[in-house]
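Numbered by mature numbering (1 follows the signal peptide of the UniProt record, and there is no 0), the letters in the sequence shown go through residues -29 to -1, 1 to 417 in order.
Data block below; observations after.
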Amino acid sequence: MGLRKRAITSTVVLGVAGALMAPAAPAGAAGDDTASLQVESGLGLHGRKARVMSVVYDYFEARDRGWLDPAESSTALSALRANGGALAAQPARFAAVPATVANEAEDENGLRATKVLTGFGQDSRVRFRGRTATVTLTAGTVLNWNNDDIGESSLHDTYTVTLEREKKTWRITDVFYAPVPSTESEESGPPIDLGDLPLPSDANKARATDAGEGKGDVSVLDTGTYDRDAAAAYAQKWSKQTPYTFTDATGRQRTAWVENHNPDYETFDNNCANFVSQSLHAGGWEKAGGWNKDDDNTWTNDLFGPRGPSTTWSVAYRLWTYAINDKRGERLRTWPPDDPTGDNQDVWSLEKGDLLFADWDPYGAADGKIDHAMIITRVLAIKNNGHTFYEPAYSQNSGSRTNLPLSIGMKIATGDKPDVDPVGGIGGQGRAPIYYPVHLKDTFEK
């Protein structure tokens, strides 16, 4: 997970609308191959950008209505067609994903979204080649739920959308998740030896120690207290994105998101471990300075001498090795198990402030290397048939999530990719991740 500092945009009021208001490119620019494509409805290249972005905005807003009611999504997609857009089979299937996931969440956990808000990032790009337009944009969704334990969730992802012009209609031909930088790192660590994973009895013993048993062996001067609430509050604050309203170039009111990063820290393209480390520090973990970025005992965002973070702070695999040190935490059994109905339910027993890592390989199969980090920020109590079950909700960066129920995050991650072939997947990310849960100690050795 090599780090690259992100450019921080100082001007936020222009947002996407500002990008659309840029001067029109000269004739022949942007890959056009016919003079007739220079003008659409008398508006030139700027007019085409406006039409394309309006269709794409309408598409994602219509898709997200499925979180509330599948019928609402269908109605909104019909309106998109009436407003000069059209859909091929693949984006139509992709648009059905929120409705599918929402129905499963209600059947399994009684969760139903009561309000939805769709918005867009500030870095949308449009490229034209002949009659084809390719749009890269970040779309984000905020969901309010019928469960007070979770309140509000949000999820933001970057997509690539391809459209083709058919007379005066822009037809969306395919929609895909764009690659996440943190999943393609050369520094995600060696394959992991799963041999020493704790048994349930070991995990229970460790948690009993956290509750106060056996603490006499550790000097009070050498310990610290982990404030789970403070860590979770930090993660929720700095994973949320701030909404504002803008008018797009067609005169439509839209919502845009401004990324919300703590200005006291650098932000990187692959920011997941950096974000989790900040949350842990807010919860009471003390920084451990040093000169060597690869020192196992160093954990800091700002090394002595060479400026920058230690790898234990900024690289998911290295943060995992730091967190599972018996001074600070314990690794639990991975998910999914061979038998999902068996006794290995460790991932579902995570508490607020615990960590969840993933072998998040982007090519359809886990490769044995941890390359993603998340933090648990809420725990939902779910009542079903007279029984109460608990489900963790997590927050993360790259891409941003806030209080997203774990089961929903898993469904989106593991759903089949929406292939261009009409009989392909339904529109998930097409991953086969392995999750590495970590329980952190309430009292830890420094």
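Every residue, glycine too, gets a C-beta built ideally from N, C-alpha and C.
task = Output the boundary residues of the alpha helix (DSSP H) element that contains Tyr205.
result = For Tyr205, the uninterrupted alpha helix (DSSP H) run begins and ends at 199 to 210, by DSSP.
Presumed contact (8 angstroms Cβ cut-off) between residue 451 and Thr129, rounded CB distance = Not covered by the structure: residue 451. The range shown for the chain is -29 to 417.
query = When the Cα atoms are used, what is the spatial distance from Arg402 to Ser248?
reply = Per the coordinates, the alpha-carbon of Arg402 lies some 25 angstroms from the alpha-carbon of Ser248.
ask   = Between the C-alpha atoms of Asn233 and Val146, what's the straight-line distance to the nearest angstrom?
value = Distance between the alpha carbons of Asn233 and Val146 is about 32 angstroms.
inquiry  = With the cut-off set at 7 angstroms, would you say Thr292 and Asp265 are in Cβ contact?
reply    = No, the Cβ-Cβ distance between Thr292 and Asp265 is not below 7 angstroms.
query = If we count the other Cβ atoms within 10 Å of its Cβ and call it buried at 16 or more, is Phe275 buried or exposed?
reply = When all chains shown are included, Phe275 counts as exposed.
query = Applying the criterion that 16 or more other CB atoms from any shown protein chain within 10 Å of the CB defines a buried residue, is Tyr407 buried or exposed?
reply = By the 10 Å Cβ count, Tyr407 comes out buried.
key: Burial state of Ala294 (16 or more Cβ within 10 Å)   = That one is buried.
key: Cβ separation of Thr348 and Ala364, assumed to be a contact under 8 angstroms, to the nearest whole Å   = Confirmed, Cβ separation roughly 6 angstroms.
query = Taking C-beta to C-beta, are Gln212 and Thr218 nearer than 7 angstroms?
reply = Not in contact: Gln212 and Thr218 (Cβ atoms no closer than 7 angstroms).
query = How would you call His358, buried or exposed, if buried means at least 16 neighbouring beta carbons within 10 angstroms?
reply = Classification for His358: exposed.
query = What whole-angstrom Cβ distance do Gln93 and Val229 have, given they're in contact under 8 angstroms?
reply = Under the criterion of beta carbons closer than 8 angstroms, Gln93 and Val229 qualify as touching, at roughly 7 angstroms.
Residue environment, Phe65, which counts as buried when at least 16 other CB atoms sit within 10 Å = By the 10 Å Cβ count, Phe65 comes out buried.
message = Just to confirm my understanding: we take Arg83, look at its own chain, exclude 5 residues before and 5 after, and list those with CB closer than 6 angstroms. What are they?
response = Excluding positions up to five away in sequence, the list reads Glu77, Asn117.
ask   = Can you give the beta carbon distance from Thr140 to Gly222, rounded, assuming they're within the 8 angstroms contact cut?
value = Their Cβ separation, rounded to whole angstroms, is 19 angstroms, which puts Thr140 and Gly222 out of contact at 8 angstroms.
query = Are the Cβ atoms of Thr133 and Thr89 separated by less than 7 angstroms?
reply = Contact flag unset, no.
ask   = Just reading off the beta strand (DSSP E) that Ala73 is part of, what are its end residues?
value = Premise fails: Ala73 lies in the alpha helix (DSSP H), 68 to 80, not in any beta strand (DSSP E).
ask   = In or out: Tyr361 buried (at least 16 other Cβ within 10 Å) or exposed?
value = Classification of Tyr361: exposed, given that the 10 Å Cβ count is below 16.
ask   = Cβ atoms of Thr269 and Gly279: under 7 angstroms apart, would you say?
value = No, the Cβ-Cβ distance between Gly279 and Thr269 is not below 7 angstroms.
ask   = On the three-state DSSP scale, how would you describe Trp262?
value = Coil.
request  = Compute the beta-carbon to beta-carbon distance between Arg102 and Arg136, rounded to the nearest angstrom, for a pair I have assumed lies under 8 angstroms.
outcome  = The distance from the Cβ of Arg102 to that of Arg136 is about 4 angstroms, consistent with a contact at the 8 angstroms cut-off.
query = For Asp325, does the count of other Cβ atoms within 10 angstroms reach 16, so buried, or fall short, so exposed?
reply = By the neighbour-count criterion, in which 16 or more other beta carbons inside 10 Å mark a residue as buried, Asp325 falls on the buried side.
key: Backbone secondary structure at Val247 - three-state DSSP   = It is helical.
request  = Would you mind sorting Pro(-7) into buried or exposed? The rule is 16 or more other CB atoms within 10 Å of its CB.
outcome  = Only weak support is given to the placement of Pro(-7): the predicted model assigns it a pLDDT of 29, under 50, and the value that follows is read from those uncertain coordinates. Result: exposed.
query = Whose C-beta lies closer than 6 angstroms to the C-beta of Ile405 among residues of the same chain, with five residues either side of it excluded?
reply = Hits under 6 angstroms: Thr305, Asp330, Ala337.
request  = Go to Pro376, then tell me how far its beta strand (DSSP E) extends in each direction, as first and last residue.
outcome  = 372 to 376 is the extent of the beta strand (DSSP E) around Pro376.
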